[in-house]
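**Q**
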Amino acid sequence: MSINVKLQAVLFLISAILLSITGFLVWSFIKEVQPGQFVQILAGISLLVIFLSHGLLRSTRKSIKELLRGTEVIGSGNLEYKINLEYKDELGQLAASFNKMTENLQKITISRDYSDSIIRSIIGGLIVLSQDRCIRSVNAAACEMLGYNEDELTGMSFNKIFVEDTKFKVNELNSLIEKGYIINEEGVFLSKEGKSIPVLFSGSVMSKGNKIEGIVCVFLDITERKQIEARQIQLLNELKTVNQELSDFAYIVSHDLRAPLRGISSLAGWIATDYADRFDEEGKKQIQLLIGRAKRMNSLIDGILQYSRVGRIKEEKLEVDLNNLVKNVIDLISPPENIEVKIETELPTILCEATRIEQVFQNLISNAVKYMDKPEGKIKIGCCNEGEYWKFIVADNGPGIEEKYFEKVFQIFQTLKPRDEVESTGIGLSIVKKIVEMYGGKVWVESKVDCGSTFYFTLPG
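Note that the numbering used here has the sequence shown beginning at 1, numbered continuously upward.
Given below as structure tokens:
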């Protein structure tokens with residue numbers, strides 16, 4: 001129906017109402033006037049009615065046109081349009097109410113668009129379920145993850161996107177409804193192509209009073225995380241295998257190699273004692289070399305056994321006074337008179353395995369004594385409190401270490417001098433590193449050639 005037809009109908013209705021009102025007023029007035037005045041009064045009333053009707057119809061027609069125009073503009077989607085009527089009558093109130101309704105509708109639309117924008121921008125998948133667990137709405141990430149388009153997912157039962165043998169869809173959804181939420185539960189979704197997708201799932205119930213309106217679900221694809229976890233498990237199993245092989249090797253070394261080595265060492269000593277007068281100088285040199293090699297091999301076996309036991313054989317952790325422990329280590333090493341070993345600062349009492357920490361100090365101090373090349377050697381031991389950990393120092397004025405060897409010295413079987421010059425297995429500092437790192441600390445060295453070395457290591461406070 002066109003605007004003109006609507007307008008004519010409204011105007012006809014208004015005219016009928018006006019005529020009815022006019023007739024009633026005239027009848028009431030006629031009863032009170034004299035017969036001679038009737039014609040003049042009737043003519044005046046008629047002119048007044050015509051004048052008022054014309055003005056009223058013009059203003060009413062204009063207001064109705066504005067109302068009809070406003071409804072068409074707003075109906076086309078322009079919610080910012082305002083119907084502007086100057087009058088305060090019923091039509092003006094109607095226009096004001098209409099403007100208020102449009103304003104509220106505009107706010108709702110803006111809020112909905114804002115919410116839709118947030119949903120679209122969520123990296124993870126989002127699904128909104130109805131009361132009967134059917135999918136009501138989804139975001140683009142959910143569609144991409146599952147391989148469906150939005151129309152295909154809308155109305156689908158939520159159970160359809162779960163792997164059939166998973167208990168998640170029953171247990172966790174029931175728990176979600178009972179508690180009102182679940183957070184970071186693992187489940188397995190099923191894509192359109194039948195691919196299993198491990199997900200981390202969270203959900204919250206939407207309710208009004210005691211009535212459940214729906215369920216909001218968010219989820220992340222954790223396929224990559226699961227692959228990393230599987231790889232970690234594989235590496236841990238491989239590490240356990242290697243550790244077991246190392247343990248088996250240490251057992252073999254301690255039992256199967258010691259016996260023949262002990263026989264070689266005993267035989268070489270017997271020959272050197274009983275047949276010394278039968279060897280020339282070269283022969284005596286070679287037999288002593290054999291005895292020395294046997295001793296070194298025995299020391300190497302001991303070192304390997306010690307290294308393999310670190311972290312594998314545990315002892316009770318106790319509060320240990322390191323002042324007493326280090327003094328005992330110094331007495332055990334018994335450095336020569338030309339080397340002074342001094343504890344420069346008060347050492348703390350820490351919770352540790354005494355044997356392991358004793359190994360650390362023993363290896364560091366004995367290395368400093370062994371490699372000392374100065375006529376008056378000085379070895380200083382100290383520590384400082386760094387808050388969360390203690391930093392220990394073992395410094396000497398020995399030959400020093402080139403910077404390129406700072407890392408190498410902590411590798412197993414590494415020595416900086418030929419083995420014929422210094423009796424060393426090359427295991428001591430690697431044991432120090434392994435023990436310190438087992439406690440969550442670190443060890444390093446600072447040094448200058450001919451100016452000595454300073455070894456640092458940290459232990460928890």
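Cβ coordinates follow ideal geometry from the N, Cα and C atoms, glycine included.
Evaluate residue 125 with the Cβ neighbour count: other Cβ atoms within 10 Å of its Cβ, from every protein chain shown; 16 or more gives buried, anything less gives exposed.
**A** By one-based count along the sequence shown, residue 125 stands at place 125. By the neighbour-count rule (16 or more Cβ atoms within 10 Å), residue 125 is buried.
**Q** Please classify residue 453 as buried or exposed, where buried requires at least 16 other C-beta atoms within 10 Å of its C-beta.
**A** Indexing the sequence shown from 1 puts residue 453 at position 453. Answer is buried; the Cβ neighbour count reaches 16.
**Q** What is the rounded straight-line gap between the Cα of residue 271 and the Cα of residue 290?
**A** Within the sequence shown, residue 271 is the residue found at index 271, counting from 1. Within the sequence shown, residue 290 is the residue found at index 290, counting from 1. Taking the straight line from one Cα to the other gives about 11 Å.
**Q** Let me check understanding here. Comparing Cα to Cα, which of 440, 435, 409 lies closest to residue 425?
**A** Residue numbering aside, residue 425 sits at position 425 when the sequence shown is read from its first letter. Residue 409 is the option with its Cα nearest to residue 425.
**Q** Under the DSSP definition of a beta bridge, which residues are partnered with residue 444?
**A** Stepping through the sequence shown from its first residue, residue 444 is reached at position 444. Paired residues: 456.
**Q** Check whether the Cβ atoms of residue 205 and residue 198 sit closer than 8 Å, and answer yes or no.
**A** The residue labelled residue 205 in the question sits at position 205 within the sequence shown. The residue labelled residue 198 in the question sits at position 198 within the sequence shown. Not closer than 8 Å, so no.
**Q** Among 373, 329, 389, whose alpha-carbon lies nearest the alpha-carbon of residue 397?
**A** Here residue 397 refers to the residue found at position 397 of the sequence shown. Comparing Cα positions, the closest option is 373.
**Q** Using 8 Å for Cβ pairs, my map puts residue 360 next to residue 333. What's the rounded Cβ distance?
**A** One-based indexing of the sequence shown puts residue 360 at position 360. One-based indexing of the sequence shown puts residue 333 at position 333. With 8 Å as the limit, residue 360 and residue 333 do not qualify as a contact, their Cβ atoms being about 13 Å apart.
**Q** Considering only DSSP beta bridges, list what residue 319 is partnered with.
**A** For this step, residue 319 is matched to residue 319 along the sequence shown. Residue 319 pairs with 351.
**Q** Let me confirm a value: residue 235 is counted as buried when at least 16 other C-beta atoms fall within 10 Å, else exposed. Which label applies?
**A** Taking the first residue of the sequence shown as 1, we reach residue 235 at position 235. Classification of residue 235: exposed, given that the 10 Å Cβ count is below 16.
**Q** What residues match up with residue 438 in a beta bridge as DSSP calls it?
**A** Looking up residue 438 in the sequence shown gives position 438. For residue 438, which the question treats as bridged, DSSP gives no partner whatsoever.
**Q** In this structure, how does DSSP classify residue 185 when only helix, strand and coil are distinguished?
**A** Counted from its first residue, the sequence shown places residue 185 at position 185. Here residue 185 sits in strand by DSSP.
**Q** Taking only beta-carbon positions, decide if residue 433 is within less than 8 Å of chain D.
**A** Of the protein chains in the structure, only one exists, and it is not chain D.
**Q** On the CB-based measure, 16 or more other CB atoms within 10 Å of its CB, does residue 509 come out buried or exposed?
**A** The structure shown does not extend to residue 509, since the chain is modelled only from 1 through 461, so no value can be given for it.
**Q** Tell me the DSSP secondary structure of residue 222 in three-state form.
**A** Here residue 222 is taken as the residue at index 222 of the sequence shown, counted from 1. It is coil, neither helix nor strand.
**Q** Is it right to say residue 376 is buried, meaning 16 or more other beta carbons lie within 10 angstroms of its own, or is it exposed?
**A** On the sequence shown, position 376 is the one that residue 376 refers to. That one is exposed.
**Q** Going by beta carbon distance, what residues of the same chain come within less than 6 Å of residue 248, once the five residues before and after it are set aside?
**A** Looking up residue 248 in the sequence shown gives position 248. There are no such residues.
**Q** Under the rule that 16 or more other beta-carbon atoms within 10 Å means buried, what is residue 54, buried or exposed?
**A** Start at 1 with the first residue of the sequence shown, and residue 54 comes out as number 54. Bear in mind that a pLDDT of 48 at residue 54, under 50, signals an unreliable position, so the model cannot answer this.
**Q** Would you report the Cα separation of residue 52 and residue 210, rounded to the nearest angstrom?
**A** Numbered from its first residue, the sequence shown carries residue 52 at position 52. Numbered from its first residue, the sequence shown carries residue 210 at position 210. Summary for residue 52: the model assigns pLDDT 47, below 50, so the residue's position carries little reliability, and this model does not support an answer.
**Q** With DSSP as the reference, identify every bridge partner of residue 387, one or two as the case may be.
**A** Working through the sequence shown from its first residue, we reach residue 387 at position 387. Answer by DSSP bridge pairing: none, since residue 387 is not bridged.
**Q** Beta carbon of residue 163, beta carbon of residue 202: below 8 Å?
**A** The residue labelled residue 163 in the question sits at position 163 within the sequence shown. The residue labelled residue 202 in the question sits at position 202 within the sequence shown. Cβ distance not < 8 Å, so residue 163 and residue 202 don't count as in contact.
**Q** Is it buried or exposed, residue 191, if we count other Cβ atoms within 10 angstroms and call 16 or more buried?
**A** To locate residue 191, count along the sequence shown from 1; it is residue 191. By the 10 Å Cβ count, residue 191 comes out exposed.
**Q** Given a threshold of 16 other Cβ atoms within 10 Å of its Cβ, counted over all protein chains shown, does residue 224 qualify as buried or as exposed?
**A** Against the sequence shown, residue 224 aligns to sequence position 224. Exposed, because fewer than 16 other Cβ atoms sit within 10 Å of the Cβ of residue 224.
**Q** So if DSSP puts residue 396 in a beta bridge, which residue, or which two residues, is it bridged to?
**A** As a first step, residue 396 must be located in the sequence shown, where it is residue number 396. Its beta-bridge partners are 379.
**Q** Relative to the C-alpha of residue 364, which residue among 274, 257, 244, 433 is closest?
**A** To locate residue 364, count along the sequence shown from 1; it is residue 364. Ranking the options by Cα distance to residue 364, first place goes to 433.
**Q** How would you write the range of the beta strand (DSSP E) that residue 198 sits in, first residue to last?
**A** In the sequence shown, counting from the first residue as 1, residue 198 sits at position 198. Residue 198 -> beta strand (DSSP E) spans 196 to 208.
**Q** Within a Cβ cutoff of 7 Å, which residues of the same chain sit near residue 155, ignoring the five residues on either side of it in sequence?
**A** Counting from 1 along the sequence shown, the entry for residue 155 is found at position 155. The answer, listed in chain order, is 134, 135.
**Q** Tell me which residue opens and which closes the beta strand (DSSP E) that residue 137 is part of.
**A** Taking the first residue of the sequence shown as 1, we reach residue 137 at position 137. Residues 135 to 138.
**Q** Enumerate, from N- to C-terminal direction, the unbroken alpha helix (DSSP H) stretches of 4 or more residues contained entirely within the stretch 235 to 281.
**A** Runs found: 258 to 274.
**Q** Would you be able to state if there are at least three C-beta pairs under 8 Å between the stretch 285 to 304 and the stretch 381 to 397?
**A** At 8 Å Cβ cutoff, the stretches do not touch.
**Q** Within the same chain, show all residues whose beta-carbon is closer than 6 Å to that of residue 447, passing over the 5 residues directly before and after it, in chain order.
**A** Position 447 of the sequence shown, counted from the start, is the residue given in the question as residue 447. 400, 401, 453.
**Q** What is the DSSP secondary structure of residue 407, counted as helix, strand or coil?
**A** Locating residue 407 in the sequence shown gives position 407, where the first residue counts as 1. Coil, per DSSP.
**Q** On a Cα-Cα basis, can you pick out the residue from 242, 345, 436 that is closest to residue 384?
**A** Residue mapping note: residue 384 aligns to position 384 of the sequence shown, counting from 1. That would be 345, whose Cα lies nearest to the Cα of residue 384.
**Q** Please state the DSSP three-state secondary structure of residue 125.
**A** Numbered from its first residue, the sequence shown carries residue 125 at position 125. In this structure, residue 125 counts as strand in the three-state DSSP scheme.
**Q** Can you have a look at residue 308 and say buried or exposed, based on whether 16 or more other CB atoms are within 10 angstroms of its CB?
**A** Residue 308 sits at position 308 when you count from the first residue of the sequence shown. So residue 308 ends up on the buried side.
**Q** If you run the structure through DSSP and keep just helix, strand and coil, what is residue 366?
**A** Reading the sequence shown from its first residue, position 366 is the one you call residue 366. Helix, per DSSP.
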